[in-house]
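Engineer: I have a structure here, written as structure tokens, and I will follow up with some questions on it.
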Amino acid sequence: MNWFLKAFADGAATGAAGAEEMNGILVFLIQFGPLILLFGIMYFILIRPQRKKEKETREMINNAIVGDKVITIGGIAGKIVNIKDDEFTIETGVERTKITVKKWSIKEVDKPISE
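Below is the structure:
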């Protein structure tokens with residue numbers, strides 16, 4: 000493959016008036032092309048799915064209503080009894096202890112099955 004690139008670069012160097020400019024573009028693409036390709040692959044493999052998951056989680060939390068069961072990132076499970084701007088009050092345990100948590104601390108929302 001190296002001989003192909005060298006032959007292509009030599010052919011471009013012996014071309015018309017813009018040969019030096021074309022050779023510079025080719026060298027740029029040869030040097031930075033794999034890096035650009037790597038960033039493109041990383042975007043589609045890592046970044047895009049993570050953003051999609053964050054969007055789904057944000058929608059799940061914003062659609063939570065009173066009565067839904069939630070689990071916090073700390074592992075506390077309870078039922079939503081009150082919703083403020085950016086806070087949930089959840090009821091947990093046998094003694095029905097009420098805890099106020101921020102919306103960002105919710106890991107999972109389970110909707111009750113309506114009959």
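Counting along the sequence shown from 1, when you hit position 81 you're at 80 in numbering that gives the first Met the number 0, and nothing is skipped either side. Note that the Cβ used here is the ideal one computed from N, Cα and C, for glycine as well.
Who are the near neighbours of residue 38 in its chain, counting only those whose CB is closer than 8 Å to its CB and skipping five residues on each side?
Structural biologist: Nothing meets the Cβ criterion.
Engineer: If you draw a straight line from the C-alpha of residue 66 to the C-alpha of residue 111, how long is it?
Structural biologist: Each residue's Cα considered, the two are about 8 Å apart.
Engineer: Mind checking residue 79: buried by the 16 CB within 10 Å criterion, or exposed?
Structural biologist: Classification of residue 79: buried, given that the 10 Å Cβ count is 16 or more.
Engineer: Measuring only the C-alpha atoms, how far is residue 16 from residue 44?
Structural biologist: Summary for residue 16: the model assigns pLDDT 48, below 50, so the residue's position carries little reliability, and this model does not support an answer.
Engineer: Would residue 127 be called buried (16 or more neighbouring beta carbons within 10 Å of its own) or exposed?
Structural biologist: Nothing can be reported for residue 127, as the shown portion of the chain is limited to 0 through 114.
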